[in-house]
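Chains as they are written, first to last, in my numbering: chain A, -16 to 207; chain X, 473 to 716. Note that the Cβ used here is the ideal one computed from N, Cα and C, for glycine as well. These notes are about the structure you will find just below.
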Amino acid sequence: MPLVAQQFLLLVGKDLKIEARSRQTIGLVIVLGLLIVVVLGLGLGGGAAVGFGATVVLWVAYLFSGVLCFEKTMAVERSESALAALMLTPISRGTLYLAKLTSNLALMAAVALVITPAGVLFFSFDLSAAPFTFAAVMALGIVGFAAIGTLFAAVVSSTRLQGGLLAMMIFPVALPLVIASTQLLIHQFRDGLPVGGMGLGVLIAFDAIFLTASWLMFELVLEP
Amino acid sequence: MSGTQSKLVRSFWIALALLFAADMVLIFRYTPDERSMGSIQKIFYLHLPVAINTFLACLIAFVASIAYLWQRKGWWDDLAAAAARVAVQLCAVVLATGMVWGRAAWGVWWTWSPRLTFSLVLFLLYVVYLVVRSSVEGRERRAIIGSVYAIIAFLDVPLVWLSARLLPDIHPGSVQLEPAMKLTLAASFVPVTLLAAGLVFSRFVLNRTASAAPNSVPANHPKNVPNPPFLAGAKAIRLTDGAL
């Protein structure tokens, strides 16, 4: 196995082991996501957003849970100067980024696996017409979201104003993901139109552009 | 700034004010009213040039940010910050004129139409850029993080535009203009573009001055804000290094 792949697996394994032992992030993030779905469900009274309206509610839950998740996984590196030690090792910053991104994606997948059924249940969203389309669109959205979230979490961890700044940085940049994925799913589930065209192009382009840009610029923002 | 430079700058702003006055005469006296929308359509002669200049200011911030990361020269960062600030100011004008126009045309102050949504997201992206800059301590660190965010924000612009086009649109698809209207629109680009360039230059000079000062702090820091006129002589209560 190439050295880079070994380093990558080692870093991801380290992050997931820390999380499995401490369970600091996953429990907190899942409860937050569920609370957001419940609060929005109660606030909307069950009438204003039934069916495909659940996609918007789920996105709100993903966004806030994701921000907390990215913040916590980066905060682990801050404790006891772990990041400084990590930066002394002969591991490229690009590999560090990809490993952190993969850890974040694993956590986000776990969160989505709990929040999504809750949202679908509470909002009577019938997924039976295209369950795999729904999963694929949301997965594309979450990959792009995690790509910029991982980069900005590294930025925010080095600034003096940490609380709220990460959400403020990520949300405007992530809006194309929210618009494209919700519009795609509304067209699919309300109008019965197949997923494709510009909406899908925006999701794929977002993922490709920001995975590459974040991978290239992670080195610049990383500071022990 | 030397005396000659001050005179040049003053002449520029006076000439710009005269150009705007001439443009207003063209808009309100020379150009006919649009058939369906009437006189409210005249806001278009300001709205479109300001929108184009907003995009140009964002482009300058993007290019200057790449140049800063490439060369690590502070003046590129000062230019990027100046352009981003002007982009926010111009985008606020685009939003305000768009809302006034929307109110007159469709009876609502706000609608999630692609173009208004795009302007709003653009405004938010660059407001966040300014907030992020002011949150970072240390000139070099601030410049690096600001540059990274400006690049990400600009890469996001076409994606915001494309995704916003998925929303239902009530804007007119294409606008047919009479020759007099086309001339006025073209003429309006001159003062608006000069205003945008003047604002970017002024802010850039301010940023350079703040950067050149020893122990420089951001231009909007309380230490850089002078006492109000009624406290001009009251040195004892002026905010000083000790007070901060």
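_DSSP three-state label for G175 (chain A), please._
On the first sequence, residue 175 (chain A) is found 192 positions in, with the first residue counted as 1. Correct three-state label for G175 (chain A): coil.
_Amino acids of chain A, ordered along the chain, whose beta-carbon sits closer than 8 Å to that of R637 (chain X)_ = Locating residue 637 (chain X) in the second sequence gives position 165, where the first residue counts as 1. The answer, in chain order, is M181.
*Could you confirm whether any beta carbon from chain A is found closer than 8 Å to the beta carbon of S607 (chain X)?*
Within the second sequence, the letter at position 135 stands for residue 607 (chain X). With 8 Å as the cut-off, S607 (chain X) counts as an interface residue toward chain A.
*Is there a Cβ from chain A that is less than 8 Å from the Cβ of V593 (chain X)?*
In the second sequence, residue 593 (chain X) corresponds to position 121, counting from 1. It does; some Cβ of chain A falls within 8 Å.
*Closest to I486 (chain X) by CA distance: which of X:G510, X:F527, X:A555 and X:P663 is it?*
Here residue 486 (chain X) refers to the residue found at position 14 when the second sequence is read from its first residue. For the residues X:G510, X:F527, X:A555 and X:P663, the minimum Cα distance to I486 (chain X) belongs to X:P663.
_Contact set between the stretch 124 to 140 of chain A and chain X, restricted to residues whose Cβ is under 9 Å from the partner_ = Going along the stretch 124 to 140 of chain A in chain order, one finds I131, L134, F135, V138 and V139 with a Cβ nearer than 9 Å to chain X.
_Is there a Cβ of chain X sitting closer than 8 Å to that of V39 (chain A), yes or no?_
Within the first sequence, numbered from 1, the residue matching residue 39 (chain A) stands at position 56. With its beta carbon at least 8 Å from every one in chain X, V39 (chain A) lies outside the interface.
*With 7 Å as the C-beta to C-beta threshold (strictly closer), list the residues of the stretch 149 to 172 of chain A near chain X in chain order.*
Listed by position along the chain: M151, M152, P155, V156, L158, P159, I162, A163 and Q166.
*How many Å lie between A113 (chain A) and L186 (chain A) at the Cα?*
Counted from its first residue, the first sequence places residue 113 (chain A) at position 130. Counted from its first residue, the first sequence places residue 186 (chain A) at position 203. One C-alpha to the other measures close to 18 Å.
*What residues in the stretch 621 to 637 of chain X have a beta carbon less than 8 Å from any beta carbon of chain A?*
Against chain A - using a Cβ distance shorter than 8 Å - the residues of the stretch 621 to 637 of chain X are Y621, I623, I624, A625, L627, D628, L631, V632, L634, S635, A636 and R637.
*Quick one: is A708 (chain X) near chain A, going by C-beta distance under 8 Å?*
Translated into the one-based positions of the second sequence, residue 708 (chain X) becomes position 236. In this predicted model, A708 (chain X) has a pLDDT of only 45, less than 50, meaning its place in the structure is not dependable enough to derive any value.
*Assign A715 (chain X) to one of three DSSP states: helix, strand, or coil.*
Position 243 of the second sequence, counted from the start, is the residue given in the question as residue 715 (chain X). Reliability of the predicted coordinates at A715 (chain X) is poor, the pLDDT of 42 falling under 50, and no value is obtained from them.
*Name the DSSP beta bridge partners of G24 (chain A), please?*
Against the first sequence, residue 24 (chain A) aligns to sequence position 41. Note: G24 (chain A) is not bridge-paired with any residue in the DSSP secondary-structure output.
*Three-way DSSP call (helix, strand, coil) for G546 (chain X) in this model*: Here the question's residue 546 (chain X) lines up with position 74 in the second sequence. In the displayed model, G546 (chain X) falls within a helix according to three-state DSSP.
*So F193 (chain A) and A136 (chain A) are in contact, right, with Cβ under 8 Å, and what is the actual spacing, rounded?*
Stepping through the first sequence from its first residue, residue 193 (chain A) is reached at position 210. Stepping through the first sequence from its first residue, residue 136 (chain A) is reached at position 153. About 14 Å separates the CB atoms of F193 (chain A) and A136 (chain A); that is not less than 8 Å, and the two are not in contact.
_Rounded separation between S64 (chain A) and F492 (chain X) - CA only_ = The sequence position of residue 64 (chain A) within the first sequence is 81, counting from 1. The sequence position of residue 492 (chain X) within the second sequence is 20, counting from 1. So the two alpha carbons sit approximately 58 Å from each other.
*asked:* List, in chain order, every chain A residue whose beta-carbon is nearer than 8 Å to that of I616 (chain X).
replied: The residue given as residue 616 (chain X) occupies position 144 in the second sequence. Simply L203 and V204.
*G510 (chain X) - partner residues in DSSP beta bridges*: Taking the first residue of the second sequence as 1, we reach residue 510 (chain X) at position 38. Bridge partners of G510 (chain X): X:E506.
*Applying a beta-carbon distance threshold of less than 7 Å, which residues of chain X neighbour T142 (chain A)?*
Residue mapping note: residue 142 (chain A) aligns to position 159 of the first sequence, counting from 1. Residues of chain X passing the Cβ test: S607 and V608.
*Measuring only between beta-carbons, confirm whether V185 (chain A) sits less than 8 Å from chain X.*
One-based indexing of the first sequence puts residue 185 (chain A) at position 202. Judged by the 8 Å Cβ criterion, V185 (chain A) is in contact with chain X.
_Closest by C-alpha distance to R6 (chain A), when choosing among A:T133, A:V94, A:T85 and A:E206_ = For this step, residue 6 (chain A) is matched to residue 23 along the first sequence. Comparing Cα-Cα distances from R6 (chain A) to each of A:T133, A:V94, A:T85 and A:E206, the minimum goes to A:V94.
*Which of helix, strand or coil DSSP assigns to L608 (chain X)*: For the purposes of this step, residue 608 (chain X) is taken as residue 136 along the second sequence, with counting starting at 1. Leu is not the amino acid found at residue 608 (chain X); the sequence shown has Val there. Coil, per DSSP.
*Within the same chain, show all residues whose beta-carbon is closer than 6 Å to that of K514 (chain X), passing over the 5 residues directly before and after it, in chain order.*
Within the second sequence, numbered from 1, the residue matching residue 514 (chain X) stands at position 42. Closer than 6 Å at Cβ, skipping near neighbours: I499.
*Please confirm whether V139 (chain A) and I616 (chain X) have their CB atoms less than 8 Å apart.*
Indexing the first sequence from 1 puts residue 139 (chain A) at position 156. Indexing the second sequence from 1 puts residue 616 (chain X) at position 144. I616 (chain X) sits away from V139 (chain A), with the two beta carbons spaced by 8 Å or more.
*asked:* Would the stretch 670 to 681 of chain X count as touching the stretch 549 to 558 of chain X if we require 3 or more Cβ pairs under 8 Å?
replied: Judged by Cβ distances under 8 Å, the stretch 670 to 681 of chain X makes contact with the stretch 549 to 558 of chain X, as three or more pairs qualify.
_Rounding to the nearest angstrom, what Cα-Cα distance links Q477 (chain X) and W548 (chain X) in this structure?_
Start at 1 with the first residue of the second sequence, and residue 477 (chain X) comes out as number 5. Start at 1 with the first residue of the second sequence, and residue 548 (chain X) comes out as number 76. Distance between the alpha carbons of Q477 (chain X) and W548 (chain X): 22 Å.
*Is there at least one Cβ from chain X nearer than 8 Å to M200 (chain A)'s Cβ?*
Along the first sequence, read from residue 1 onward, the residue named residue 200 (chain A) stands at position 217. Yes, M200 (chain A) lies at the interface with chain X (some Cβ there is under 8 Å from its Cβ).
*In its own chain, which residues sit with a C-beta less than 7 Å from the C-beta of F189 (chain A), not counting the 5 before and 5 after it?*
For the purposes of this step, residue 189 (chain A) is taken as the residue at position 206 of the first sequence. Cβ neighbours of F189 (chain A) beyond the five flanking positions: G127, P159 and L160.
_Element boundaries [alpha helix (DSSP H), containing F201 (chain A)]_ = Residue mapping note: residue 201 (chain A) aligns to position 218 of the first sequence, counting from 1. Residues G180 to V204.
_By alpha-carbon positions, which one of X:S619, X:A659, X:G546 and X:R544 ends up nearest to L602 (chain X)?_
Here residue 602 (chain X) refers to the residue found at position 130 of the second sequence. In this structure, X:S619 is the residue among X:S619, X:A659, X:G546 and X:R544 with its C-alpha nearest to the C-alpha of L602 (chain X).
_Going by DSSP in three states, S107 (chain A) sits in which element: helix, strand or coil?_
Counted from its first residue, the first sequence places residue 107 (chain A) at position 124. Coil, per DSSP.
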